[in-house]
Amino acid sequence: MAFQKSAYSTAALLSFTINLSVVSKELWEQQRPGRWLPERPAPSTFYGQWVWQRRIGQLIPGGSDHWWDVGTTLDRAVVSDLLDGLRNYAFPAMMRELGRN
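Numbering (the numbering used here), first residue to last: -11 to 89.
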């Protein structure tokens, strides 16, 4: 899991989304020889169809890209929405994928 900051973020407003990936250690090590792959995968890097990778927006209702905006003060609605997305969609999807690996 990795947070990706929008290129359009400013000092006053940060926009971000979450990238997710799941790949077994065994499969990762099988794919490393003969390729340039780091020791550990990075969720924000696309490696190919053999790695399960999603943006959190693909998992939440609506299925479109989802970005959160954070300003200079705490917005509890943003925190609540983010935690809801993680608890109810991201973590369960990652756990299902772990069960397949």
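By construction, the Cβ of each residue, glycine as well, lies at the ideal position given by its N, Cα and C atoms. Only a predicted model underlies this, so the values are computations on that prediction, with no experimental measurement involved.
Any idea if Leu62 is buried or exposed, counting beta-carbon neighbours within 10 angstroms, 16 or more meaning buried?
-> Leu62 is exposed by the Cβ-count criterion.
Any idea what DSSP makes of Ala65, helix, strand or coil?
-> Per DSSP, reduced to three states, the secondary structure at Ala65 is helical.
Do you know offhand how far Ile48's Cα is from Phe34's?
-> Roughly 21 Å separates the two Cα atoms.
Count the CB pairs spanning the stretch 51 to 58 and the stretch 13 to 33 that are closer than 8 Å, and state whether there are at least three.
-> Fewer than three pairs of CB atoms, one per stretch, sit closer than 8 Å, so the stretch 51 to 58 makes no contact with the stretch 13 to 33.
How long is the line joining the alpha carbons of Arg84 and Tyr77, rounded to whole angstroms?
-> Spanning the two alpha carbons is a distance of roughly 11 Å.
Where Gln37 and Val11 are concerned, what is the direct C-alpha to C-alpha distance, given to the nearest angstrom?
-> The straight-line gap separating the alpha-carbon atoms of Gln37 and Val11 is approximately 11 Å.
Kindly give me the distance between the Cβ atoms of Met(-11) and Leu8, rounded to whole angstroms, as I take these residues to be in contact under 8 Å.
-> In this structure Met(-11) is in contact with Leu8, their Cβ atoms being roughly 5 Å apart against a cut-off of 8 Å.
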